[in-house]
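One structure is given below, encoded as structure tokens.
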Amino acid sequence: QKEVEQDPGPLSVPEGAIVSLNCTYSNSAFQYFMWYRQYSRKGPELLMYTYSSGNKEDGRFTAQVDKSSKYISLFIRDSQPSDSATYLCAMSAGSNYQLIWGAGTKLIIKP
Amino acid sequence: KAGVTQTPRYLIKTRGQQVTLSCSPISGHRSVSWYQQTPGQGLQFLFEYFSETQRNKGNFPGRFSGRQFSNSRSEMNVSTLELGDSALYLCASSLTGAMDTQYFGPGTRLTVL
Chain W
11 QKEVEQDPGP LSVPEGAIVS LNCTYSNSAF QYFMWYRQYS RKGPELLMYT
61 YSSGNKEDGR FTAQVDKSSK YISLFIRDSQ PSDSATYLCA MSAGSNYQLI
111 WGAGTKLIIK P
Chain Y
-4 KAGVTQTPRY LIKTRGQQVT LSCSPISGHR SVSWYQQTPG QGLQFLFEYF
46 SETQRNKGNF PGRFSGRQFS NSRSEMNVST LELGDSALYL CASSLTGAMD
96 TQYFGPGTRL TVL
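Quick note, the sequences are listed as chains W and Y, same order. For what it's worth, my numbering labels the leading residue of the first sequence as 11, then goes sequentially. For what it's worth, my numbering labels the leading residue of the second sequence as -4, then goes sequentially.
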């Protein structure tokens, strides 16, 4: 079993919908949680960064961490065709540990 | 500010050959990490270099090696290539390491025939 599980999709939704992307993990030591977005033929770019449990909002994006359930989510409101990309979650136990990545979920927003 | 650059962008090799990939980080960034990305596997961590020293290493065989120069530029070498080494190899730079924002290059697409 992988340390971080992420549904590869593709997830296809109409423009304007609320999107929910999720990752589950098994290592209870993880404290740092990140979401990266990767467009085709590009490297990933950081979208959201959260520490420990709770919510964090940035514009149309909300990151949520539930450490008790070992579950993290990324919500995208008012989704746009430009949000079509692969979304990767990544997490770490701390600065002396490497980042562990999910496989990525491919998201398609239909105009 | 120039981003992370990787050369070459595409590479085709045959089994048994060796290959060297290059990464130039963002100016001022001292940490460079290398990842292998394959469909369904996500990003697999290869190694991280900081100030010319390997600071962290993933679970890859010894055929995969790297180094970092005094100007923070980094190279990754894969010897005795296998078909399974076909992947996108990504380089990421950051100021201090994995807990910092990592800035990725576009990757080198390696195909092993």
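C-beta atoms are modelled at their ideal positions from N, C-alpha and C, and glycine is treated no differently.
- For residue 47/W, the enclosing beta strand (DSSP E) has its first and last residue at 42 to 48.
- Here the stretch 10 to 25 of chain Y does not lie against the stretch 110 to 121 of chain W, with fewer than 3 beta-carbon pairs under 8 Å apart.
- Pairing residue 97/W with residue 115/W gives a Cβ-Cβ distance under 8 Å.
- Residue 98/Y and residue 3/Y have their C-alpha atoms some 18 Å from each other.
- Cα atoms of residue 17/W and residue 33/W: separation of roughly 8 Å, rounded to the nearest angstrom.
- Close CB contacts of residue 65/Y within its chain, under the 7 Å cut and outside five residues either way in sequence, are with 47 (chain order).
- Taking 8 Å as the threshold, the shortest C-beta distance from residue 102/W to chain Y falls below it.
- For residue 35/Y, the nearest beta carbon of chain W is closer than 8 Å to its own beta carbon.
- For residue 54/Y, there is no enclosing beta strand (DSSP E), as DSSP gives it neither H nor E.
- What residue 52/W touches in chain Y, judged by beta-carbon distance under 7 Å, is 101, going in chain order.
- Beta-bridge partners assigned by DSSP to residue 49/Y: 44/Y.
- Among the residues facing chain Y, residue 111/W is included, as its CB has a counterpart in that chain under 8 Å away.
- The beta carbon of residue 110/W is closer than 8 Å to those of 13, 14, 35, 37, 40, 100, 101 and 102 in its chain, skipping five residues each way along the sequence.
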